[in-house]
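**Student:**
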Amino acid sequence: MDGPESSTAHPESRETAGRVSGRLKQLGLSKEELAREAGMSPCYLDQVLNAAPDFDPSALARIAGALGLPYHRLFEDRHDQPPGQTAAGERPVLARLTEAECWDRLGTHGVGRVVLASSSGPGAFPVNYAVDAKTVLYRTVPQGPAAPADGAVVSFEADSIDDRLSRGWSVLVTGTAERIDDPEAADHLARMHALEPWAGGSRPLWVRISPTQVTGRHITTMPVS
1 MDGPESSTAH PESRETAGRV SGRLKQLGLS KEELAREAGM SPCYLDQVLN
51 AAPDFDPSAL ARIAGALGLP YHRLFEDRHD QPPGQTAAGE RPVLARLTEA
101 ECWDRLGTHG VGRVVLASSS GPGAFPVNYA VDAKTVLYRT VPQGPAAPAD
151 GAVVSFEADS IDDRLSRGWS VLVTGTAERI DDPEAADHLA RMHALEPWAG
201 GSRPLWVRIS PTQVTGRHIT TMPVS
């Protein structure tokens, strides 16, 4: 056996072995130290991690305890951790997106961040957004921190991350903000776009960002020839 990530591992246990290896690196522990803490030999540790999950559940429980993890964490990823904790993918490529590709990535709606100037410095606020004729729309509280002055220069950023494959993209829209205060115009936008802010509550002000520049980049991997 080569260790927790042996190529001979059972298919259902490879991800578990990978999580164990990642946790060992995080804690600064060796495989031998883990085996000692879990009350087994390093050879048997390898056997347990490379076998089917039902091979020795009690041994897996001891391994989880030695790593300071709940048992279920050996079999599933945490979804509350920020991305970017995995290593770079093989043969990574960082490339620019064309403007058309940027709008394609943004799609019709999603969640992004609007960046505004304030007396204490720039502030970034998450917002639900919609795309309307190559402009970005969002709703907010008229006097709230995400409500820019009419004509203010603002930025908007959205991205998508695949942490497992170390891939992703990011789009940055820079432009001017327009406060849509007219009730009839706001009602029209509400009919056109089912935009419900996750923050809830009354957020009657629609803000439109008309871009002066749209840029984006994506990280992928170079195919093997």
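Residue numbers (the UniProt record's numbering): 1 to 225. Backbone N, C-alpha and C fix where the C-beta goes; we use that ideal spot for every residue, glycine too. All values reported here derive from a predicted model rather than from experimental measurement.
1) Among PRO92, LEU49, ARG96, which has the Cα closest to the Cα of LEU74?
2) Which ranges would you report for the alpha helix (DSSP H) in the stretch 173 to 207 if only whole runs of at least 4 residues count?
3) Out of GLU32, GLY112, LEU195, which has the shortest C-alpha to C-alpha gap to ILE161?
4) Measuring straight from C-alpha to C-alpha, what distance separates ASP56 and THR220?
5) For GLY200, does the count of other Cβ atoms within 10 angstroms reach 16, so buried, or fall short, so exposed?
6) Determine the closest residue to LEU137 out of VAL207, LEU24, LYS25, with distance taken between C-alpha atoms.
7) Would you kindly check if the distance between the Cβ of LEU106 and the Cβ of VAL131 is under 8 Å?
8) Which same chain residues, not among the five before or five after ARG14, have their C-beta less than 6 Å away from its C-beta?
9) If you draw a straight line from the alpha carbon of ASP181 to that of HIS188, how long is it in whole angstroms?
10) Along the beta strand (DSSP E) that carries LEU116, what are the first and last residues, could you check?
11) In this structure, does DSSP put VAL48 in helix, strand or coil?
12) Bridge partners of SER122, per DSSP?
13) Quick check: the Cα distance between ASP46 and GLY168, rounded to an integer number of angstroms?
14) I think PRO53 touches THR16, with their Cβ atoms under 8 Å apart; what is that distance to the nearest whole Å?
**Tutor:** Based on what the coordinates show:
1) As a first step, residue 74 must be located in the sequence shown, where it is residue number 74. Ranking the options by Cα distance to LEU74, first place goes to LEU49.
2) If we require 4 residues or more, the alpha helix (DSSP H) runs fully inside the stretch 173 to 207 come out as 183 to 192.
3) The count along the sequence shown starts at 1 and reaches residue 161 at position 161. Selected option, being the one with the closest Cα: GLY112.
4) For the purposes of this step, residue 56 is identified with residue 56 of the sequence shown, where counting begins at 1. For the purposes of this step, residue 220 is identified with residue 220 of the sequence shown, where counting begins at 1. Using only the alpha carbons, I get a separation of about 38 Å.
5) Start at 1 with the first residue of the sequence shown, and residue 200 comes out as number 200. When all chains shown are included, GLY200 counts as exposed.
6) The residue you call residue 137 lines up with position 137 of the sequence shown. Nearest of VAL207, LEU24, LYS25 to LEU137, Cα basis: VAL207.
7) Within the sequence shown, residue 131 is the residue found at index 131, counting from 1. Within the sequence shown, residue 106 is the residue found at index 106, counting from 1. At the C-beta level, VAL131 and LEU106 come within 8 Å of one another.
8) The sequence position of residue 14 within the sequence shown is 14, counting from 1. Hits under 6 Å: none found.
9) The residue you call residue 181 lines up with position 181 of the sequence shown. The residue you call residue 188 lines up with position 188 of the sequence shown. Distance from the CA of ASP181 to the CA of HIS188, rounded to the nearest whole angstrom, comes to 12 Å.
10) As a first step, residue 116 is located in the sequence shown; it is residue number 116 there, counting from the start. Taken as a continuous stretch (DSSP letters only), the beta strand (DSSP E) holding LEU116 covers 109 to 116.
11) As a position in the sequence shown, residue 48 is number 48, starting the count at 1. In the structure shown, VAL48 sits in a helix (DSSP, three-state: H, G or I).
12) Taking the sequence shown and counting its residues from 1, the one referred to as residue 122 is at position 122. Just to set this straight, residue 122 is Pro in the shown sequence, not Ser. None, per the DSSP bridge assignment.
13) Position 46 of the sequence shown, counting from 1, holds the residue named residue 46. Position 168 of the sequence shown, counting from 1, holds the residue named residue 168. Computed Cα separation, rounded: 33 Å.
14) By one-based count along the sequence shown, residue 53 stands at place 53. By one-based count along the sequence shown, residue 16 stands at place 16. Sure, about 7 Å apart at Cβ, within 8 Å.
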